[in-house]
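Q: Protein chains in written order, with the numbering used here: chain P, 7 to 507; chain A, 86 to 417; chain R, 86 to 417; chain B, 1302 to 1600.
In this text, a Cβ means the ideal position worked out from N, Cα and C, and glycines have one as well.
All of these numbers come straight from a predicted model, not from anything done at the bench.
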Amino acid sequence: MPQSGTILSAGGLWKSYSSVVLEDVTLDLRVGEVHALVGENGAGKSTLSRIIAGLVKPDQGHMEVFGTPYAPRSKAEAEYLGVRMVLQELNLVGTLTVAESIFIDQLPNRLGWINYRKLNDQARAAMAQVGLSGLDPQRLINTLGIGQQQLIEIAAGLSRRCRILILDEPTAALTSTEIELLFTQIARLKAMGVGIIYISHRMEEIQRIADRITILRDGKVVATQPAREISLNEIVRRMVGRELPEITSRPAAAAGPVRLRVEGLTRRPWIEHVSFEVRAGEILGFAGLMGSGRTETLRAIFGADPRDAGDIFLRNSPTPARIHSPRDAVRQGIALLTEDRKEQGILLPLAIRCNISLPSLPQVSGLGGWIRSQAEKVAAGEWIRNLGVKCHSGEQQAVELSGGNQQKVVIAKWLRRDCDVLLFDEPTRGIDVGAKFEIYELLTQLAGQGKAIVMVSSDLKELLAVCDRIAVMSAGRLAATFKRGDWSQDRIMAAALSGYN
Amino acid sequence: MSEASNQPAREAGRYHWRRVAGEYLGLLLALGLLVLVFSLLTRHFFSATTFYTIANQIPAAVLIATGMTLILIISAIDLSVGSVAGLCSAVLGVVMVQYKVAPLPAVGLAGLAGLACGIFNGLVSVRFGLPSFIVTLGMLEIARGGAHALTQSQTQYIGSAIEPIASLSVLGLSLPFLLAVVIVIAGQLVLTRTVFGRYMIAIGTNEEAVRLSGIDPRPVKVAVFAITGVLVALAAVIDTSRFQSANPNAGTGFELNAIAAVVIGGTSLMGGRGSVVSSFFGVLIMAVLNTGLAAVGAKDETKRLITGLVIVAAVIIDQYRHRFNRERATQQ
Amino acid sequence: MSEASNQPAREAGRYHWRRVAGEYLGLLLALGLLVLVFSLLTRHFFSATTFYTIANQIPAAVLIATGMTLILIISAIDLSVGSVAGLCSAVLGVVMVQYKVAPLPAVGLAGLAGLACGIFNGLVSVRFGLPSFIVTLGMLEIARGGAHALTQSQTQYIGSAIEPIASLSVLGLSLPFLLAVVIVIAGQLVLTRTVFGRYMIAIGTNEEAVRLSGIDPRPVKVAVFAITGVLVALAAVIDTSRFQSANPNAGTGFELNAIAAVVIGGTSLMGGRGSVVSSFFGVLIMAVLNTGLAAVGAKDETKRLITGLVIVAAVIIDQYRHRFNRERATQQ
Amino acid sequence: APPNSSTSSPSSPPATGKPRVALVMKSLANEFFLTMETGAKKHQAAHASEYELLANGIKDEQDVARQIELVEQMIAQKVDAIVIAPTDSKSLVTVCKKAQDAGIVVVNIDNKLDAGVLADKKVKFPFVGPDNRKGARKVGDYVAQKLKAGDAVAILEGAPNAFNGVQRKSGFEDAMKAAGLKIVSSQSAYWETDKASQVVSALVTEHPEIKAILCANDSMALGADAALRAAGKQGQVLVAGFDNISAAQQLLQEGKLLATADQHGDQLAVFGIEYALEMLQKKTTPDDRETPVDLITKK
Ligand SMILES: Nc1ncnc2c1ncn2[C@@H]1O[C@H](COP(=O)(O)OP(=O)(O)OP(=O)(O)O)[C@@H](O)[C@H]1O
Ligand SMILES: Nc1ncnc2c1ncn2[C@@H]1O[C@H](COP(=O)(O)OP(=O)(O)OP(=O)(O)O)[C@@H](O)[C@H]1O
Ligand SMILES: [Mg+2]
Ligand SMILES: [Mg+2]
């Protein structure tokens, strides 16, 4: 196969929903290249790749695969023609096993009768590629954390024969260990001549693996260039249309009184005796490998899951707070931004306005719970502006927003509720660089206003940039806590690994 | 149907009125079509009498459909409405006939019976995390058994003591009809304009997300079941006073009729979307259909066939109208 | 439709065997308890006769429950099973009595009628994206109307020509019973061991995800409705041959009985979770309850009350058993 | 087979001076009422110049509200007479009075409206219909002849609050008491074949001494027969029914059913209609008329 051949060429692609999303987009993909798609939230990256994968029909435009016209009517047809896509949002079936999920569309069978031994063997091989060899292929999907689920989706994409593989933000919920494994696999596929379209908001990844980069802005291709010829700053500038500051570390702030103290928090078998405290004006980061129990910790504090042991103290009070449900938590000023936005964070069919005001409805309602709609609208509009949510108006349905903008809506809902303790689980998951900076700024501001913030992130860089302290979890325990200045990437990684073996 | 009511569409307020009109247009058209067909087929169908007859017949069905709409919006179901109506009717009849209780306290007791059944349905399903389908299926049997036990399976003749409720009228429209209209309007306002209504819609959309927003969905759900219980009791009181007698079998099959009317109105069985006003139109459509078929004197199997087809057709039309609205909206 | 299992059980694979044992333990316990109670309450309940009686009575209910299990697993519902059974029975009776068709082709025609109804249900709901609740509610009316139209509402007495189907027996167990057992086992295997079965479970859990995996869920759904139609037809044939007559009202109310049995067995109304074998036990529990109550000679209202309570209690027990097995309960 | 009744369906008749008679029945899903309707339509066809007929029934016998609505709709339709087989003897009185007050002639057939309620409302409607209790007594007496005093019998009742069901049960009981037979169980099977078979299966196991089963309708007799067959007791236990549906006639000939009763449903409605026409012409109220109930046994 010639190394320079073009696998896919698409031209003049148009797509509009309520507004134009793609405008005359042209894209080509060569054999064995990693072609990165970058752009702000809502720039149209997912829509473009969904068109290529047969999930969405373009309004206009033509595509060719290896010179033959290509117009898939369904994902199945695209896959038949060798085009596969790993979607941005998780799309796994909770009641199937890991093995079944990976091979859902080609279960090894004879006359419809599944050969489970073969299936499990195939699955083990596929899982090993993404570093999930420890996982039982017969585990049910709904017992897995979101990071593991994302790896399963990737494993499914990697384990099929294909000529084009589209990865839409595959690493949004992964930590560096898994990312390394993924890159190894990408290199292997490249060597086999597969063309890969890679979407990510993490610029350092783009820089590492991309051969060429296409920058989308407001649905238009701004540039397509070999990765070597364009600097990171240049990419970001052309994406966002302005210069972004360096990620600078936050100056150490004077920490206030203790706002949240957790003692001996245990929820078997996921977390064991976790204790820490956060002060007003402080941002405490949580680092750790996937499945180390960070999400579980936040959920247990928030009362979303029952805990087996442990106390939570608020505002330096000597008696433990009574938190048995999220309602208790929110009433006492704790907010949780969940990591699974689609299932737990946002009400997709409802208007943005309704989503933002949900936890704070009583504030805009009068006698008998009568909602003052004008007040609600104004408040929602204010937060839409504050966070720069890209939408027509507060009346737009949340389902129509791009992933990043949905995330902003969820953040807006908590900021509007005005809690003192903010538990953020992967707050920048799927958010573009520009918006990330806005969120970092926001976090800093909030800390400045005296909020206590706990932030879980799989992106160590951002933790290093915005946190005052970083707690590292390993195998369900709190392995170490580092202060700003004491930490280094190596020490944190070592702590994160310490609990395993 | 009620994208208008619950999920404010994306356009700004100027599209509001056009949308509201479009909202009920399909239903009104269907209604008009039925009236037209039956007016052509029979001599006396198109008359004020028919109108008043229908108006005085539907209040009970409207109240039950209102409750069922709320229930479906929170993504639950209540199969027990018919039986609970029978039980409330039995309570009313037995306390008035056998214990000589005065009408007003007797109505109160019937209301309490409905409330109790509703609360039972709500509490059991919420407390044990059971699907409401099965809890209310149990209640369907329990309440009917209770009605029979109370009345010893005998229809209780109450007589004119209870009559005033049904026979007071304003401009030819009975008190129950006016009450039903008031409750429909109130229900729609609660649904679209209050915190409680918003919570209902949110719970029907994604209960877990609501819980994680710091709102306890359980009291809301129990309240919806309780309200439905009371509405059902009211419906039972109205029908009992209309018939001046309490039949332990009263209400048999109401659940499916109510669900059919509500779904014809466009409320989603999946929760999170619905409108009380549309359900009112759904009830009207079913009533006109029944009245018309009776006026024609259609054979029973023909009636069934036509009813079945109308239910399916109405929902298909609703589906298309929705799709059409959506497309139009996205093109703007 | 309902709210219970928004969070599917989070069970880990390694507990497989313990889970399978635990799976049926609760049901067997409930069954044993009922048998015990009735054995103490009556003279002859605990006897081989009762056993054979029940075994010969339940095949039709088992077949319908099997179909309903599959339907619920794909997160649909079929309210028309009773009416379709009536229609199939009517077809069988009319062609045999009025057109003197031989038993075998007549049975074939009844099967076709069931298949056609099932395909109609499936196609209409899939094609127009309608909730199966409403489509099958329409079919409930349509099929019953058809049954009455065919038979002119007269019970068709077939006589001994049809008898062999029900009366052939092996070791005292009738052919229908053995057939029912075979179909239950086959159904369970299909569900757990075949691609088709996995697709059903996947569709019931998250249809959109299935579609995004490049699998078209629609043919699977239509197939499930079609299979259910055929199973219902089989059930109708069995009952018709048992009664040697075809009653156009046959099957009235079967839908709720079947759903109750299936849900008692632990199949989720939310789809994605269920077991044909458990539904079989659910049917057994209901049959033992009915037989026992009849043997005791309970009053009608008592029967209803107890049935209602048993339905609710069985589901609560099942819920607890699940929670016990569950590694993590995310419910509040 | 009955004649195609749709030919006489008055869907869009020309406006004429002919009186319009509405026949309001119980469940048309019940063969008995279908026979009634067929009889009425035949009669109308033969007397097409004298009146128009509008026949309606409800879906199932439990649905009292629906039947009341039907009467209201007939009032709205301004019919001249209503011939009604009330599904509940008390609940229907009020609406029948309303019809009468609206100047409509009302004739009560089949199931007699409750005397106490009629007295309370100070209304009277002529009644044409059978005495179910007497009919059941006849069937019971015939069964008793085949048994000896002290033998055990069981009764399958209709729906518990159906008036004719209660009447039939009482008739059976009268006969059993007179003959000194012992009723070991009396349960409702809701008129249904399937439920009857379930109940009878349980009964013959629990009370093996049962010698006869008296069913309040023939559909339940079919179920009883099936249960006996399955239990290997066919021929050892006598079965009696009520209604004389076509299937029952064959069962009688095969000796599986001992006796049933025929209420001549086809004539019932006809009598009612004739009464109504008479009242419209003469403006007088005729006396109640009891129609015959005949015992049917194997010929
Ligand atoms: N089904 C839809 N209906 C209406 N609008 C849509 C729909 N899907 C996407 N859009 C709009 O299209 C635009 C592009 O969305 P897309 O998901 O392609 O963005 P993206 O570049 O992938 O962003 P992100 O980085 O946040 O994932 C957004 O403005 C979004 O609101
Ligand atoms: N219900 C469950 N049953 C079994 N295992 C579970 C369940 N929920 C979570 N786990 C597992 O528990 C571990 C801790 O999960 P948690 O989500 O808290 O980790 P995390 O550090 O937030 O990682 P992630 O990046 O996956 O979110 C993971 O291995 C996860 O797969
Ligand atoms: Mg995207
Ligand atoms: Mg996590």
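Shorter than 8 Å from the beta carbon of Q416 of chain A to some beta carbon of chain B?
A: With a pLDDT of 35 at Q416 of chain A, under the threshold of 50, the modelled position of this residue cannot be trusted, and the question is left open.
Q: For E411 of chain P, collect the residues of the same chain with a Cβ closer than 7 Å to its Cβ; drop the 5 residues on either side in sequence, then sort them by chain order.
A: Just to set this straight, residue 411 of chain P is Asn in the shown sequence, not Glu. Cβ neighbours of N411 of chain P beyond the five flanking positions: N47, G48, V395, K396 and C397.
Q: Following the continuous alpha helix (DSSP H) through H233 of chain A, name the residue where it begins and the one where it ends.
A: S217 to T236 is the extent of the alpha helix (DSSP H) around H233 of chain A.
Q: Helix, strand or coil, according to DSSP, for D1442 of chain B in the structure here?
A: Helix at D1442 of chain B.
Q: Which residues of chain R have a Cβ atom closer than 9 Å to the Cβ of L93 of chain P, listed in chain order?
A: Residues of chain R passing the Cβ test: L297.
Q: Note the first and the last residue of the continuous alpha helix (DSSP H) segment covering H1344 of chain B.
A: Here the alpha helix (DSSP H) through H1344 of chain B covers E1332 to A1347.
Q: Are A1549 of chain B and A1382 of chain B touching if we call contact CB-CB under 8 Å?
A: Their beta carbons are not under 8 Å apart, which means A1549 of chain B does not touch A1382 of chain B by this criterion.
Q: Out of R:L208, R:L374 and R:A287, which has the shortest C-alpha to C-alpha gap to V508 of chain P?
A: In this structure chain P extends from 7 to 507, so residue 508 of chain P is not present and cannot be described.
Q: Can you tell which of P:V228, P:E269, P:I219 and P:D224 has the C-alpha that lies nearest to the C-alpha of I236 of chain P?
A: Ranking P:V228, P:E269, P:I219 and P:D224 by Cα distance to I236 of chain P puts P:I219 first.
Q: Taking DSSP as the reference, what is the three-state secondary structure of M153 of chain R?
A: Note: M153 of chain R maps to helix in three-state DSSP.
Q: Do V305 of chain R and ligand 1 come close, with the Cβ less than 7 Å from some heavy atom?
A: Checking every heavy atom of ligand 1 against the Cβ of V305 of chain R, none is found closer than 7 Å.
Q: Ends of the alpha helix (DSSP H) at F310 of chain A?
A: From DSSP, the alpha helix (DSSP H) with F310 of chain A extends over P302 to F328.
Q: Does ligand 3 have even one heavy atom less than 7 Å from the beta-carbon of G409 of chain P?
A: G409 of chain P Cβ: within cutoff of ligand 3.
Q: Count the CB pairs spanning the stretch 379-395 of chain R and the stretch 137-153 of chain R that are closer than 8 Å, and state whether there are at least three.
A: No, the stretch 379-395 of chain R does not touch the stretch 137-153 of chain R.
Q: Where do the N-terminal and C-terminal ends of the alpha helix (DSSP H) with R283 of chain R fall, by residue?
A: Segment V280 to T290, the alpha helix (DSSP H) holding R283 of chain R.
Q: From which residue to which residue does the beta strand (DSSP E) around P249 of chain A run?
A: Segment E248 to S252 is the alpha helix (DSSP H) holding P249 of chain A; no beta strand (DSSP E) there.
Q: Within this structure, are the beta carbons of L394 of chain R and G351 of chain A separated by less than 8 Å?
A: Not closer than 8 Å, so no.
Q: Report yes if the C-beta of S52 of chain P is less than 7 Å from at least one heavy atom of ligand 3; otherwise report no.
A: S52 of chain P: yes, Cβ under 7 Å from ligand 3.
Q: Taking all protein chains shown into account, do 16 or more other C-beta atoms lie within 10 angstroms of the C-beta of E1332 of chain B, making it buried, or fewer, making it exposed?
A: Classification of E1332 of chain B: buried, given that the 10 Å Cβ count is 16 or more.
Q: How big is the Cα-Cα spacing for R413 of chain R and R422 of chain P?
A: Residue confidence for R413 of chain R is low, a pLDDT of 36 falling below 50, so the modelled location carries little weight; the figure read from the coordinates is stated next. R413 of chain R and R422 of chain P: Cα-Cα distance of roughly 31 Å.
Q: Work out the CA separation of L266 of chain P and Q455 of chain P for me, nearest whole Å.
A: Going from the Cα of Q455 of chain P to the Cα of L266 of chain P covers about 16 Å.
Q: Where Y109 of chain A and L215 of chain R are concerned, what is the direct C-alpha to C-alpha distance, given to the nearest angstrom?
A: Roughly 20 Å between the two C-alpha positions.
Q: Can you tell which of P:E345, P:V136, P:V228 and P:E70 has the C-alpha that lies nearest to the C-alpha of I170 of chain P?
A: Out of P:E345, P:V136, P:V228 and P:E70, P:E70 has the C-alpha closest to the C-alpha of I170 of chain P.
Q: Is M86 of chain R helix, strand or coil by DSSP?
A: Confidence at M86 of chain R is low in this model, with a pLDDT of 37, below 50, so its placement is unreliable and the value that follows should be read with caution. Coil.
Q: Helix, strand or coil for F1428 of chain B per DSSP?
A: DSSP places F1428 of chain B in strand when its eight states are reduced to three.
Q: Spatial neighbours of V209 of chain R within its chain, please: CB distance less than 6 Å, with the 5 preceding and 5 following residues excluded, ordered by chain position.
A: Excluding positions up to five away in sequence, the list reads V220.
Q: Taking only beta-carbon positions, decide if T135 of chain R is within less than 8 Å of chain B.
A: Cβ-Cβ to chain B under 8 Å: yes for T135 of chain R.
Q: Ordered along the chain, which non-local residues of its own chain (more than five positions away) have a Cβ less than 7 Å from that of F308 of chain P?
A: These residues qualify, in order along the chain: P332, A335, I340, L342 and L429.
Q: Can you name the start and end residues of the beta strand (DSSP E) that L343 of chain P belongs to?
A: Where L343 of chain P is concerned, the enclosing beta strand (DSSP E) stretches over I340 to L343.
Q: In chain A, which residues lie less than 7 Å from L1371 of chain B when you measure between Cβ atoms?
A: Per Cβ cutoff of 7 Å: A379.
Q: Got a sec: does ligand 1 put a non-hydrogen atom nearer than 7 Å to the Cβ of N47 of chain P?
A: Yes, since a heavy atom of ligand 1 falls inside the 7 Å radius drawn around the Cβ of N47 of chain P.
Q: Just to confirm before moving on: does the CB-CB distance between Q142 of chain A and G244 of chain A stay below 8 Å?
A: No.
Q: Which residues in chain R sit within 7 Å of E175 of chain P, going by Cβ to Cβ distance?
A: Going along chain R, no residue has its Cβ under 7 Å from E175 of chain P, so there is no contact; the nearest lies around 15 Å.
Q: Less than 7 Å separating the Cβ of S5 of chain P from some heavy atom of ligand 1?
A: This structure gives no information on residue 5 of chain P, because the portion of chain P shown stretches from 7 to 507.
Q: C202 of chain R lies in the alpha helix (DSSP H); which residues open and close that run?
A: Per DSSP, C202 of chain R belongs to the alpha helix (DSSP H) from P188 to R212.
Q: Which term fits Q1499 of chain B, buried or exposed, when burial requires 16 or more other beta carbons within 10 angstroms of its beta carbon?
A: It is buried - the Cβ of Q1499 of chain B has at least 16 other Cβ atoms within 10 Å.
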